[in-house]
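Heads up: the structure comes next, in structure tokens.
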Amino acid sequence: MAAEFKAMLDGLNTLMGSPLTIVRSCSPTLYMIYIDLLDAENHLKILKIILDKENLQSGFQFEHLSNETEGYSGSDLKNLCIATTYRPIQELLEIKMEVIPNK
1 MAAEFKAMLD
11 GLNTLMGSPL
21 TIVRSCSPTL
31 YMIYIDLLDA
41 ENHLKILKII
51 LDKENLQSGF
61 QFEHLSNETE
71 GYSGSDLKNL
81 CIATTYRPIQ
91 ELLEIKMEVI
101 PNK
């Protein structure tokens, strides 16, 4: 099973235009995998998938957001979207706390 996995990893290095770099150490069981950060085009695709079910204003500028998040990983984009979608709820709770002070 380990030999099959190693063979598949070796094959990843040969993909044309692959953002993967695989480095082997002296140890036969240790691999380090480096994945390049995404470009704006791939950011755009990921953002559209993450925000697919969100109620966004019409004309939302996915392209602008994609360009502004250069250097973000896929995980960074997901966390940004989650934090942003919860922001209106936080604001409503803050307003409610101002209107009805703690007793």
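The end of the sequence shown is residue 103 by full-length UniProt numbering, with every number in the run present. Even glycine gets a Cβ: it sits at the ideal position worked out from N, Cα and C. Predicted model, so just to flag it, every value in this text is computed and none were measured.
Contact under 8 angstroms by Cβ, serine 73 with leucine 37: yes
Neighbourhood of leucine 77 by C-beta distance below 7 angstroms, restricted to the same chain and skipping five residues each side: His43, Ile46, Leu47, Ile50, Thr69
Beta-carbon spacing of glutamate 41, threonine 85 below 8 angstroms: no
Straight-line gap, asparagine 67 to glutamate 94 (C-alpha atoms, nearest Å): 31 angstroms
Start-to-end residues for the alpha helix (DSSP H) that takes in asparagine 42: 40–50
7 angstroms Cβ shell around phenylalanine 62 - same chain, five flanking residues per side excluded: Leu44, Leu47, Lys48
Limits of the unbroken alpha helix (DSSP H) element including phenylalanine 60: Neither: phenylalanine 60 is in no alpha helix (DSSP H) and is coded neither H nor E.
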